[in-house]
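Adding 94 to a residue's 1-based position in the sequence shown gives its number in the working numbering.
Okay, structure first, notes after.
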Amino acid sequence: MTRECKKDFERIQGYVGKYSIEQNLDNSDYIASLKRMHKCYFSLITWNAELLHRKEGFASLEPSSSEDIILRLAEVVSDSGTSLFNWMNGNYKASRVMLRVSIENFVRAISAFEDKSQLLEKNVHQLFERASKQEVFRKEGNIRKCYESLHSDYKTLCEDAHTASVHNMEHLTSLSDLPAYEKEKSGSSAEIYVRICRNITAIFCIRFNSFYHQMHHRNRENILNSLSSEIKSIVTAPP
Numbered sequence: 095m096t097r098e099c100k101k102d103f104e105r106i107q108g109y110v111g112k113y114s115i116e117q118n119l120d121n122s123d124y125i126a127s128l129k130r131m132h133k134c135y136f137s138l139i140t141w142n143a144e145l146l147h148r149k150e151g152f153a154s155l156e157p158s159s160s161e162d163i164i165l166r167l168a169e170v171v172s173d174s175g176t177s178l179f180n181w182m183n184g185n186y187k188a189s190r191v192m193l194r195v196s197i198e199n200f201v202r203a204i205s206a207f208e209d210k211s212q213l214l215e216k217n218v219h220q221l222f223e224r225a226s227k228q229e230v231f232r233k234e235g236n237i238r239k240c241y242e243s244l245h246s247d248y249k250t251l252c253e254d255a256h257t258a259s260v261h262n263m264e265h266l267t268s269l270s271d272l273p274a275y276e277k278e279k280s281g282s283s284a285e286i287y288v289r290i291c292r293n294i295t296a297i298f299c300i301r302f303n304s305f306y307h308q309m310h311h312r313n314r315e316n317i318l319n320s321l322s323s324e325i326k327s328i329v330t331a332p333p
């Protein structure tokens, strides 16, 4: 290790020791966005907890289910949590890239109920092409709308992943630039986060409605908490 590298490492140790995002709690816009995002994330982790706890009950309702599909759905929630963490720390591009991964994993998992080969499909364009033709994403009107919204957001998020323009660049010159709250980026990233998580939860609860109705009543309430009135009425209707 050179003298310069050693000195810089000492600085990064000091930076880690002093790292804090506490100042963001004084910003009302930050708190408002965080509250909305957390509500949607809490719905995700709630249905995922039910799924992981009651795998056998889910499998009895969905014979085409598999351990790989359930693990993939759990990864969707994990990706969403990582996205939220990055957002909280002002790392907006990484937050949006993880949302893109979350959508891809969700479409892959739900699609696999009809076609297991979707779990192994490496061509993402082909993955969405096949999914768009499947009954699960076409038959029920509300699921179709949610899927189309997810697909549209996925395309938008691809611009971040591929740095399509200057607008998609983060412009971080060093780690000391983080954490940094930026109102515009924070707001737009929060908006797409909320929309994506709501659509994922809506599709899950409509597609697996019988399973939803077998969940603990408090969990059902916590899941509904992030959904629109229109979707709530569909989800809560007797199966």
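Heads up, the beta-carbon is just placed ideally off N, CA and C, and yes, glycines get one too.
Owing to the predicted nature of the structure, the values given are computational and were not obtained by experimental measurement.
Classify A126: buried if its beta carbon has 16 or more other beta carbons within 10 angstroms, exposed otherwise. Counting from 1 along the sequence shown, the entry for residue 126 is found at position 32. Its Cβ having fewer than 16 others within 10 Å, A126 is exposed.
In three-state terms, what does DSSP make of F302? Here residue 302 corresponds to residue number 208 of the sequence shown, with the count starting at 1. Coil, per DSSP.
Where the alpha helix (DSSP H) through Y109 begins and ends: Translated into the one-based positions of the sequence shown, residue 109 becomes position 15. Run containing Y109: R97 to K112, per the alpha helix (DSSP H) assignment.
Could you spell out where the alpha helix (DSSP H) holding Q308 opens and where it closes? If you number the sequence shown from 1, residue 308 lands on position 214. No alpha helix (DSSP H) holds Q308; DSSP gives it neither H nor E.
Assuming the contact rule is C-beta atoms closer than 8 Å, S137 and T295 should be a hit. Round their C-beta distance to whole Å, please. For the purposes of this step, residue 137 is taken as the residue at position 43 of the sequence shown. For the purposes of this step, residue 295 is taken as the residue at position 201 of the sequence shown. Yes, they are in contact, since the Cβ atoms of S137 and T295 sit about 5 Å apart, within 8 Å.
Applying the 10 Å Cβ sphere with the 16-neighbour rule, what's the burial state of E144? The residue you call residue 144 lines up with position 50 of the sequence shown. The Cβ neighbour count for E144, taken over all protein chains shown within 10 Å, is at least 16; the residue is labelled buried.
Distance, Cα to Cα, S211 vs E234? In the sequence shown, counting from the first residue as 1, residue 211 sits at position 117. In the sequence shown, counting from the first residue as 1, residue 234 sits at position 140. If you take the alpha carbons of S211 and E234, they lie about 23 Å apart.
For F305 and E215, what's the separation of their Cα atoms in angstroms? In the sequence shown, counting from the first residue as 1, residue 305 sits at position 211. In the sequence shown, counting from the first residue as 1, residue 215 sits at position 121. Straight through space, the alpha carbons of E215 and F305 are spaced by roughly 27 Å.
Considering only C-alpha positions, which residue in the set G281, N118 and F222 is nearest to R190? To locate residue 190, count along the sequence shown from 1; it is residue 96. Nearest of G281, N118 and F222 to R190, Cα basis: G281.
State the start and end residues of the unbroken alpha helix (DSSP H) segment that holds N199. On the sequence shown, position 105 is the one that residue 199 refers to. Start and end: Y186 to S205.
Using 10 angstroms around the beta-carbon of L244, count the other beta-carbons present and answer buried if the total reaches 16, otherwise exposed. Within the sequence shown, the letter at position 150 stands for residue 244. By the 10 Å Cβ count, L244 comes out buried.
For D123, does the three-state DSSP call read helix, strand or coil? Your numbering for residue 123 matches position 29 in the sequence shown. Reduced to three states, the DSSP call for D123 is helix.
So for I164, helix, strand or coil by DSSP? Along the sequence shown, one-based indexing puts residue 164 at 70. Helix at I164.
From G175 to C99, what does the alpha carbon distance come to, in whole angstroms? Here the question's residue 175 lines up with position 81 in the sequence shown. Here the question's residue 99 lines up with position 5 in the sequence shown. In this model, G175 and C99 are separated by some 33 Å (Cα to Cα).
Just curious, the alpha helix (DSSP H) that A225 is in, first and last residue? In the sequence shown, the residue the question calls residue 225 occupies position 131. Residues V218 to K227.
Assign Y124 to one of two classes, buried (16 or more other C-beta atoms within 10 Å of its C-beta) or exposed (fewer than that). As a working mapping, residue 124 is identified with position 30 in the sequence shown. Y124 comes out buried.
Within 10 Å of its beta-carbon, does I106 have 16 or more other beta-carbons around it, so buried, or fewer, so exposed? If you number the sequence shown from 1, residue 106 lands on position 12. Around the CB of I106, fewer than 16 other CB atoms lie within 10 Å, so the residue is classed as exposed.
If we ignore side chains and look at the alpha-carbon of each, how far apart do E169 and M192 end up? In the sequence shown, counting from the first residue as 1, residue 169 sits at position 75. In the sequence shown, counting from the first residue as 1, residue 192 sits at position 98. Straight-line Cα distance between these residues: approximately 11 Å.
Work out the CA separation of E150 and V110 for me, nearest whole Å. Locating residue 110 in the sequence shown gives position 16, where the first residue counts as 1. Locating residue 150 in the sequence shown gives position 56, where the first residue counts as 1. When only Cα atoms are considered, V110 and E150 end up about 44 Å apart.
Would you report the Cα separation of F103 and D173, rounded to the nearest angstrom? Along the sequence shown, read from residue 1 onward, the residue named residue 103 stands at position 9. Along the sequence shown, read from residue 1 onward, the residue named residue 173 stands at position 79. Spanning the two alpha carbons is a distance of roughly 30 Å.
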